[in-house]
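**Student:**
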């Protein structure tokens, strides 16, 4: 499956700032989508891809902070870079505490903003790959029968076949058959890889 190209979403009610940011980000070959308000972005946000979001903290209607809260409520996980004026630093700090990726003060240095955007996009893509990987592992685990799940759990605990057979009251030969099925369904090429998969799945549940 091809990973969709990352998109940088720019939200600013100031027409000149929006156009300037769009030009700047396009100049480094990143896809940009610009919106004049947080509400306009939210009406389109079902199609949000990996990338990052740049928003002014102070806007008519929904502020950058309100937008951040709404994204979290909707379960949209995208790094948010907040642009703040000198008087908005305290608000920007609140945005950081609410999970913003970073904030940058006006007037900002173009290169500094681009560096932040590249870091945010990299984080988003890495996070997206992890989610895809987890979803795939979850689907593989869901394909296991209840008995195979029990065997998987005991294998991950480091139990040998004999001990697994004793715990589940089945023969060694049956354990071996289940074990082979587990390895095949989980697409694990080794015991170490299988254990890593289980740790990843358990870490996600935790």
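Numbering (this note's numbering), first residue to last: 5 to 210.
Glycine is no exception: its CB is placed at the ideal position from the N, C-alpha and C atoms.
Every value quoted in this text rests on a predicted model; they were computed, and no experiment measured them.
(1) Are the CB atoms of residue 17 and residue 40 within a distance shorter than 9 Å?
(2) Is it true that the stretch 74 to 88 meets the stretch 116 to 128, where meeting means three or more beta-carbon pairs spaced less than 8 Å apart?
(3) Please report the straight-line C-alpha distance between residue 160 and residue 166, rounded to a whole angstrom.
(4) With a 10 Å radius around its C-beta and 16 neighbouring C-beta atoms as the bar for buried, classify residue 72 as buried or exposed.
(5) Could you pull the start and end residues of the alpha helix (DSSP H) that residue 60 belongs to?
(6) Check the DSSP bridge columns for residue 38 and list the partner residues they point to.
(7) Sort 183, 207, 153, 106 by Cα distance to residue 121 and report the nearest one.
(8) Does the beta-carbon distance from residue 59 to residue 87 come in below 9 Å?
(9) Let me know the secondary structure DSSP gives residue 5 once reduced to three states.
(10) From the DSSP output, in three-state form, read off residue 29 for me.
(11) Can you have a look at residue 156 and say buried or exposed, based on whether 16 or more other CB atoms are within 10 angstroms of its CB?
(12) Distance check for residue 196 and residue 117, CA to CA, integer angstroms please.
(13) Buried or exposed, going by whether 16 or more other CB atoms sit within 10 Å of the CB of residue 77?
**Tutor:** By the coordinates alone:
(1) Closer than 9 Å, so yes.
(2) Yes: the two stretches touch, three or more of their Cβ pairs being nearer than 8 Å.
(3) Straight-line spacing of the CA atoms in residue 160 and residue 166 works out to 15 Å.
(4) When all chains shown are included, residue 72 counts as buried.
(5) Where residue 60 is concerned, there is no enclosing alpha helix (DSSP H), although the beta strand (DSSP E) it sits in stretches over 55 to 60.
(6) Beta-bridge pairing by DSSP links residue 38 to 14.
(7) Nearest C-alpha to residue 121: 106.
(8) Cβ atoms of residue 59 and residue 87: closer than 9 Å.
(9) Model confidence at residue 5 stands at a pLDDT of 44, short of 50, so the residue's coordinates are unreliable; what they give is reported in the following sentence. Here residue 5 sits in coil by DSSP.
(10) Look at residue 29 here: in three-state DSSP terms it is helix.
(11) It counts as buried.
(12) When rounded, the distance between both Cα atoms is 42 Å.
(13) By the neighbour-count criterion, in which a residue is buried when 16 or more other Cβ atoms sit within 10 angstroms of its Cβ, residue 77 is exposed.
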